[in-house]
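FYI, in the working numbering the residues of the sequence shown are 25 to 168. Single-structure report; data block below.
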Amino acid sequence: MRKCTKCSVWKKESLFSIVKHSVRNCKRKRHVYCLECKRAGAREWASKNYSPKAMRDWREKNRDKALLNWRITRASRRKREVSWADRKKIRSFYIEAARLTKETGIPHEVDHIIPLKGRTVSGLHHEGNLQILTQEQNRKKANK
Ligand SMILES: [Zn+2]
Numbered sequence: 025m026r027k028c029t030k031c032s033v034w035k036k037e038s039l040f041s042i043v044k045h046s047v048r049n050c051k052r053k054r055h056v057y058c059l060e061c062k063r064a065g066a067r068e069w070a071s072k073n074y075s076p077k078a079m080r081d082w083r084e085k086n087r088d089k090a091l092l093n094w095r096i097t098r099a100s101r102r103k104r105e106v107s108w109a110d111r112k113k114i115r116s117f118y119i120e121a122a123r124l125t126k127e128t129g130i131p132h133e134v135d136h137i138i139p140l141k142g143r144t145v146s147g148l149h150h151e152g153n154l155q156i157l158t159q160e161q162n163r164k165k166a167n168k
C-alpha cells in the first residue's frame, strides 16, 4: 500500500505508474501520484498548454524553435513523399477536409491510413494512403 501525495488516498502499489527511466536501472520507482491523479494532472497540463491560444503564444515567444519544429515536420513529410504522389490530389484531401469541417461544424482531418511513423511499418505521404476522418474517429484510431 502507498499513499498518493495528491489525493492522500491509500492505494495498491500497482495503481501507481512506474517512472520510465527507473525501469532501465531495474529499480522500479513508482510515481508519488496515483494513476488517477497523474492522468488528471496531465489532462490539466494539456488543456493549459495545448489550447490554440497557448500554442500561438508559445510560437510567438519561441520563434526559432517553432520554425525548427516546422522544418523537421516538413522534412520528414517530404522524405515520405514519393515521386509518383500527385501533389494536387494530396492537396484536394486537405481542402475537402476543411470544407467538411466548415459545412458540418464537425472537425475533419486528413489521416494517413498507414501512419507515416508507425512502429512496424511506415506509410507514405501519397494520395493512396490518405483518407478523411472526423477528428473523433482519428483520435480513436490513434488510441488503438
Ligand atoms: Zn491520487
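Heads up, the beta-carbon is just placed ideally off N, CA and C, and yes, glycines get one too.
- At the C-beta level, residue 119 and residue 158 stay beyond 8 Å of one another.
- Annotated three-state conformation of residue 148 is coil, per DSSP.
- Cβ-Cβ distances below 6 Å link residue 54 to 40 and 42 in the same chain, with the five nearest sequence neighbours on each side left out; the list follows chain order.
- Non-local C-beta neighbours of residue 94 in its own chain, meaning closer than 6 Å and more than five positions away in sequence, are absent.
- Taking C-beta atoms as the reference points, residue 117 and residue 145 fail to come closer than 8 Å.
- Within the same chain, Cβ atoms closer than 8 Å to the Cβ of residue 122 are found at 132, the five residues on either side in sequence being excluded.
- When DSSP states are grouped into helix, strand and coil, residue 92 belongs to the helix group.
- When 115, 166, 127 and 125 are compared, the shortest CA-CA separation from residue 138 is found for 166.
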